[in-house]
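If you want my numbering, it's the position in the sequence shown, counting the first as 1, plus 1. All C-beta atoms in this analysis are idealised placements derived from N, C-alpha and C, irrespective of residue type, glycine included.
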Amino acid sequence: MATNLVVDADGHCYEPDADLAKWMPKEFAHLAPNRVTDSSGYTHLMIEGRLAGRRRWGGGVDRGAVFAEHIERSRPGMTDPLKRLSDMDEEGIDVAVIFGTSIALMVNGMADKPLAVAICHAVNRWLVEEYLVPDPKRLKGVGLIPVQEPSAAVTELEYLAQHRGIVSAMLPTNVYGINLGHRMFDRVYAAAQEIGMPLAVHPQTEHDGQFGVWGVMGAGSERMEKYSYVHMTAFPFELMIALMHMIGEGVFDRYPKLKVGFMEGGCGWLPFWAERMDEHFEKLRPQWPLLRRRPSDIMRSSQVCFTCEPEEAILPYVLNTMGVSQVMYASDYRHWDSEFPESVRKLASITGLSEDQKGHVLGENAIKWFGLKPNELPAKRF
2 MATNLVVDAD
12 GHCYEPDADL
22 AKWMPKEFAH
32 LAPNRVTDSS
42 GYTHLMIEGR
52 LAGRRRWGGG
62 VDRGAVFAEH
72 IERSRPGMTD
82 PLKRLSDMDE
92 EGIDVAVIFG
102 TSIALMVNGM
112 ADKPLAVAIC
122 HAVNRWLVEE
132 YLVPDPKRLK
142 GVGLIPVQEP
152 SAAVTELEYL
162 AQHRGIVSAM
172 LPTNVYGINL
182 GHRMFDRVYA
192 AAQEIGMPLA
202 VHPQTEHDGQ
212 FGVWGVMGAG
222 SERMEKYSYV
232 HMTAFPFELM
242 IALMHMIGEG
252 VFDRYPKLKV
262 GFMEGGCGWL
272 PFWAERMDEH
282 FEKLRPQWPL
292 LRRRPSDIMR
302 SSQVCFTCEP
312 EEAILPYVLN
322 TMGVSQVMYA
332 SDYRHWDSEF
342 PESVRKLASI
352 TGLSEDQKGH
362 VLGENAIKWF
372 GLKPNELPAK
382 RF
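Structure (structure tokens):
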């Protein structure tokens, strides 16, 4: 189905700026995540009654010292959906699939599980009842589920499934160091398969009090002294580990209709990882007793999909090697490393991309992956 729509498979809102307290039960309202400003003028996220800052290099979550040079690059559209729609027009995006930013990347590592459940539901209500409302055909949300409490995560999945504006639910790459192939998550995978809700694995870096204490660590972060090092390694490496573990522990064979996306880690590693996993599967076969297929067969199947960076020169090779349907365009709006407002143009100008490949990556793959129906999509704008 060629629509020629441009669909951003991974952009972001900034949920801590929402008034989440009004969506939370009274007993938790005073613990609603919010931003506070220190004496230096930097803002930090307050959650579970603690400040979330980056270990070793200081600063706050998205507006802290480590990001001081990038503050001007943020956009009001991350909290104001009308301004986001204007930015989408400027960039040439018809439909945006929207993830949270900081709460979304830490809530699954929180020690206070009842509070985590309440925060997930509050963020989801804010998305459904406020942020997505101005244009439901163009703004699509990715819900939060408290996977550290699988029964509550299933309940939240059922809530999300009632709202067509929610097209996916987000997973961390690990919970308290437990990888995603662990059987503790089977209830979540079974429910997602039954409901028909794609899951989206999104990586994270590391924060003192946030990821360091709250149980979701980025690969290699304990060895790095600079944020740039952590960001370079954690995002792709965490996805590689998550994918490997889900494949190796038989998740995709136990749940053959489950769909899982792997977001914001680029796509250049896919051919390498497919070959490396196949080699270990073939030569160490007894260690893969739950796997019925070659890992590369799963990576090329309709069960998984990945996002690319708009400027990845290796994209044509990846598509030729892994399949034209396996990669989706993502803007990463409007984090410090996004290419706004040039991401669509930069991807479309990659040398060696055919028009058919551009159509798949820029929109067709995401429409199919997220199950977007024609009556849920806007008319072509650009």
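Of the other Cβ atoms in all chains shown, fewer than 16 fall within 10 Å of the Cβ of T352; this residue is therefore exposed.
For N366, the uninterrupted alpha helix (DSSP H) segment begins and ends at 366-370. Note on geometry: alpha-carbon atoms of K381 and M233 lie some 35 Å from one another. Segment contact: the stretch 325-337 against the stretch 32-41, fewer than three CB-CB distances shorter than 8 Å; contact not assigned. Within the stretch 249-320, the complete beta strand (DSSP E) runs of at least 3 residues fall at 261-263, 305-309.
Look at D18 here: in three-state DSSP terms it is helix. Here F341 carries a coil assignment [DSSP, helix/strand/coil]. If you draw a straight line from the Cα of L200 to the Cα of M329, it is about 15 Å long.
Closest in alpha carbon position to Y230, among P311, Q205, S152, is Q205.
Comparing alpha carbon positions, the residue from P77, P296, L240 closest to W270 is L240. With 16 or more other Cβ atoms from the protein chains shown falling within 10 Å of its own Cβ, Q149 counts as buried.
For P237, same chain residues with a beta-carbon under 7 Å away, outside a window of 5 residues either side, are G266, G267, W270 in chain order. Less than 8 Å separates the beta-carbon of G251 from that of L292. Taken in chain order, the complete alpha helix (DSSP H) segments of 4 residues or longer contained in the stretch 109-133 are 114-127. The C-beta separation of G12 from S332 comes to about 5 Å, placing the pair in contact by the 8 Å criterion.
Counting along the chain, the unbroken alpha helix (DSSP H) around R85 starts and ends at 82-92. In chain order, C306 place their CB closer than 6 Å to the CB of W370, counting only its own chain and leaving out the 5 sequence neighbours on each side. Annotated as proximal: T80 and D18, with beta-carbon spacing under 8 Å. Per DSSP, the beta bridge partners of F100 are H13.
Relative to the Cα of V134, the nearest Cα in the group G166, V325, N109, L52 belongs to G166. Looking only at Q304, T308, L354, M300, the smallest Cα-Cα distance to P317 is reached by L354. Of the residues A123, V217, F100, the one whose Cα lies closest to the Cα of Y160 is A123. Between the alpha carbons of L86 and R139 lies a distance of about 8 Å. If you look at Y330, you'll find it in the beta strand (DSSP E) that goes 328-330. Setting aside the 5 residues that flank it on each side, I99 is surrounded in the same chain by G12, C14, G142, each with a C-beta closer than 6 Å to its C-beta; the list follows chain order.
Counted as a single uninterrupted DSSP element, the beta strand (DSSP E) harbouring V37 occupies residues 35-38. Collapsing the DSSP output to three states places L240 in a helix. In this structure, the straight-line span from the alpha carbon of A154 to that of V129 is close to 17 Å. Boundaries for V189: no beta strand (DSSP E) harbours it, while the alpha helix (DSSP H) harbouring it runs 187-196, taken from the DSSP string. When V108, F186, S303 are compared, the shortest CA-CA separation from P257 is found for S303. Following the DSSP letters along the chain, one finds L172 in no alpha helix (DSSP H) but inside the beta strand (DSSP E) bounded by residues 167-172. The Cβ atoms of D279 and R295 lie closer than 8 Å to each other. A distance below 8 Å separates the beta carbons of M247 and F253. Excluding five sequence positions before and after I94, the CB atoms of its chain that fall closer than 6 Å to its own CB belong to V7, D9, given in chain order.
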